[in-house]
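Trainee:
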Amino acid sequence: MPDHLWTRSSPIEAFGATEAAVINPALAAAAEKEISSWSHYQPSPLYSLGELARACEVRAIDYKDEGNRFNLGSFKALGGAYAVRSIAQRAQDGSGRGTTVACATDGNHGRSVAWAASRFGLSAAIYVHSEVSERRKSEIERYGARVHRVGGVYDDAVRQVKLDGERFGWTIVSDTSYPGYTEIPSIVMQGYTVMPAEAARQREELPTHVFLQCGVGALPAAICAYYRAIYGDAAPKIVVVEPDNAACLLASARAGTLTELRGDISTVMAGLACGRPSMLAWEILSRGAFGFMSVPDTEAVQAMRLLASGNTGAAPIVAGETGAVGLAGFQFANRYPEMRARLGIDRSSRIMVIGTESDTDPELYRRIMNLREDEVSSFCENRAWSRAGSS
1 MPDHLWTRSS
11 PIEAFGATEA
21 AVINPALAAA
31 AEKEISSWSH
41 YQPSPLYSLG
51 ELARACEVRA
61 IDYKDEGNRF
71 NLGSFKALGG
81 AYAVRSIAQR
91 AQDGSGRGTT
101 VACATDGNHG
111 RSVAWAASRF
121 GLSAAIYVHS
131 EVSERRKSEI
141 ERYGARVHRV
151 GGVYDDAVRQ
161 VKLDGERFGW
171 TIVSDTSYPG
181 YTEIPSIVMQ
191 GYTVMPAEAA
201 RQREELPTHV
211 FLQCGVGALP
221 AAICAYYRAI
231 YGDAAPKIVV
241 VEPDNAACLL
251 ASARAGTLTE
261 LRGDISTVMA
271 GLACGRPSML
281 AWEILSRGAF
291 GFMSVPDTEA
301 VQAMRLLASG
311 NTGAAPIVAG
321 ETGAVGLAGF
331 QFANRYPEMR
341 ARLGIDRSSR
351 IMVIGTESDT
361 DPELYRRIMN
371 LREDEVSSFC
381 ENRAWSRAGS
391 S
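Next up, the structure:
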């Protein structure tokens, strides 16, 4: 079988200036103070998957379920919205660039930005690529945003919104960073730190391992930096999980430098179909993550079904095609003794995963859940499925 895992051979590097500029205790506390003041805020649940933990021969598996965060269906409600709030505050005091915020999205981030723009009095221009479903596009439009569809994949939408943003004077709200653009992605990542902060109050002990799904890398980088900033050497091991076909962070880890993938990156995990890592995310994860791995599409679908079955020790959980990928990564690694050993997983291990989304496109969720295993790869190759959505 192909090698799906890279683990570092050198010690985790000390928390440094790069991480501290993005995430530090004061910035994380400020993000939680602001977000927890919003109406309808409540901590997302942390479910114990006790039966699954016993079957996997580990001490605990905890699932942080972001599927109902602010009724937006995903963890993205924390990051993009927090950045939009910061931009709105600057606009009010005259220090902001303008009143239109813009972003590229696979669906969830754009929905968060559009929601926050409507909430805080700004306009929004959201760019989606050709594989974003009509249902997800309409969920963004319901908050009054102008939605533009761009040919190609997520990275093409990122390039187009950057060009148009410069032309029209918009403020770009992205969780991916590149040279000359790091401030707002840093604020987005600060919003994500609400999740580990809540989780620390929901359990007496820290996890030993956190398996985190990855697109451009903002989520695992934010969680990694948070744990290093707050807990230092006691921080859990961070394992980054990507689709086999879009594993740009795994490729970067193997190359030892930020690496952009070329060619087809289609995957059933559509929200993770990213070919180029965020610059900031790579800088943080290259020094702080313990492992990088990839999983086949079939693993993501199996994890979705397992959560929905209620055979984990928790009530049935609805997780979208990217929502269960952290769990899929753990299960995949745990199945192979060599991978389990390389990651340092044993009977004392406490695993945490984040369920990053619910069924943000219910019709698509039903179609994926009904696929036979031999249909998954062809499902991804047929690009028409993802635009059909529920229309």
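Numbering (UniProt numbering), first residue to last: 1 to 391.
Don't be surprised by glycine CBs; every beta carbon is placed ideally from N, CA and C.
Apart from the five residues just before and just after residue 218, which ones in its own chain have a Cβ nearer than 6 angstroms to its Cβ?
Mentor: Cβ within range, chain order: 175, 189, 278 and 281.
Trainee: If you drop the 5 nearest sequence neighbours on each side, which residues of the same chain put their C-beta closer than 7 angstroms to that of residue 65?
Mentor: 44, 45, 47, 317 and 355.
Trainee: Out of 329, 299 and 90, point me to the one whose CA is closest to residue 373's CA.
Mentor: Answer by Cα proximity: 299.
Trainee: With distances taken between CB atoms, is the gap from residue 15 to residue 149 smaller than 7 angstroms?
Mentor: Contact: no.
Trainee: For residue 42, which three-state DSSP category applies?
Mentor: Residue state, collapsed to three classes: coil.
Trainee: Just grab the DSSP bridge partners of residue 290 for me.
Mentor: Looking at the DSSP assignment, residue 290 forms no beta bridge with any residue, so it has no partner.
Trainee: What does a CB cutoff of less than 6 angstroms around residue 245 pick up in its chain, not counting 5 residues either side in sequence?
Mentor: Cβ neighbours of residue 245 beyond the five flanking positions: 265 and 267.
Trainee: Can you look up residue 248 in the DSSP assignment and give me helix, strand or coil?
Mentor: Here residue 248 sits in helix by DSSP.
Trainee: Within a Cβ cutoff of 6 angstroms, which residues of the same chain sit near residue 60, ignoring the five residues on either side of it in sequence?
Mentor: For residue 60, where only same-chain residues beyond five positions count, the Cβ hits under 6 angstroms are 53 and 350.
Trainee: Excluding the five sequence neighbours on either side, which residues of its own chain have a C-beta within less than 7 angstroms of the C-beta of residue 292, listed in chain order?
Mentor: Excluding sequence neighbours, residue 292 sits near 6, 240, 249, 250 and 253.
Trainee: Which residue's Cα is closest to the Cα of residue 423: 36, 302, 102 and 39?
Mentor: Given that the chain is displayed from residue 1 to residue 391, the structure contains no residue 423 and the question cannot be resolved.
Trainee: Mark residue 40 as exposed unless 16 or more other C-beta atoms lie within 10 angstroms of its C-beta, in which case mark it buried.
Mentor: By the 10 Å Cβ count, residue 40 comes out exposed.
Trainee: Look up residue 6 in the DSSP assignment and give the residues it is bridged to.
Mentor: Residue 6 is bridged to 292.
Trainee: Just curious, the alpha helix (DSSP H) that residue 368 is in, first and last residue?
Mentor: Per DSSP, residue 368 belongs to the alpha helix (DSSP H) from 362-369.
Trainee: Who are the near neighbours of residue 120 in its chain, counting only those whose CB is closer than 7 angstroms to its CB and skipping five residues on each side?
Mentor: Once the five neighbours on either side are set aside, the close Cβ partners of residue 120 are 84, 85 and 88.
Trainee: Judging by CA-CA distance, which residue of 111, 192, 203 and 346 is the nearest neighbour of residue 135?
Mentor: It is 111.
Trainee: From the DSSP output, which residues share a beta bridge with residue 163?
Mentor: DSSP, once it has assigned bridges, lists no residue as partnering residue 163.
Trainee: Can you check DSSP and say which residues form a bridge with residue 209?
Mentor: DSSP lists 237 and 351 as partners of residue 209.
Trainee: Name the residue from 352, 108 and 321 whose alpha carbon lies nearest to the alpha carbon of residue 371.
Mentor: With distances taken between Cα atoms, residue 371 lies closest to 321.
Trainee: May I have the straight-line CA-CA distance separating residue 35 from residue 20, to the nearest angstrom?
Mentor: Taking the straight line from one Cα to the other gives about 21 angstroms.
Trainee: Pull up the distance between the alpha-carbon of residue 213 and that of residue 262, whole angstroms please.
Mentor: If I take the Cα positions, the gap works out to 20 angstroms.
Trainee: Quick one: what's got a C-beta closer than 8 angstroms to residue 305's C-beta in the same chain, skipping five residues either side?
Mentor: Closer than 8 angstroms at Cβ, skipping near neighbours: 369.
Trainee: Might you give, ordered along the chain, the residues of its own chain that have their beta carbon closer than 7 angstroms to the beta carbon of residue 365, omitting 5 neighbours on each side?
Mentor: The residues are 320 and 359.
Trainee: Three or more C-beta pairs closer than 8 angstroms, one from the region 67-81 and one from the region 335-350: is that the case here?
Mentor: Touching, no, given that fewer than three Cβ pairs across the two stretches are closer than 8 angstroms.
Trainee: Secondary structure at residue 316, three-state DSSP: helix, strand or coil?
Mentor: Coil.
Trainee: Along the alpha helix (DSSP H) that carries residue 56, what are the first and last residues, could you check?
Mentor: Where residue 56 is concerned, the enclosing alpha helix (DSSP H) stretches over 50-56.
Trainee: Which residues bound the beta strand (DSSP E) around residue 103?
Mentor: Residues 100-105.
Trainee: Against chain D, does residue 73 count as a neighbour if the rule is that its beta carbon must be under 7 angstroms from one of theirs?
Mentor: The structure shown contains no chain D, having only a single protein chain.
Trainee: Using DSSP with H/G/I as helix, E/B as strand and the rest coil, what is residue 203?
Mentor: Note: residue 203 maps to coil in three-state DSSP.
Trainee: Reducing DSSP to helix, strand and coil, say where residue 143 ends up.
Mentor: Coil at residue 143, not helix or strand.
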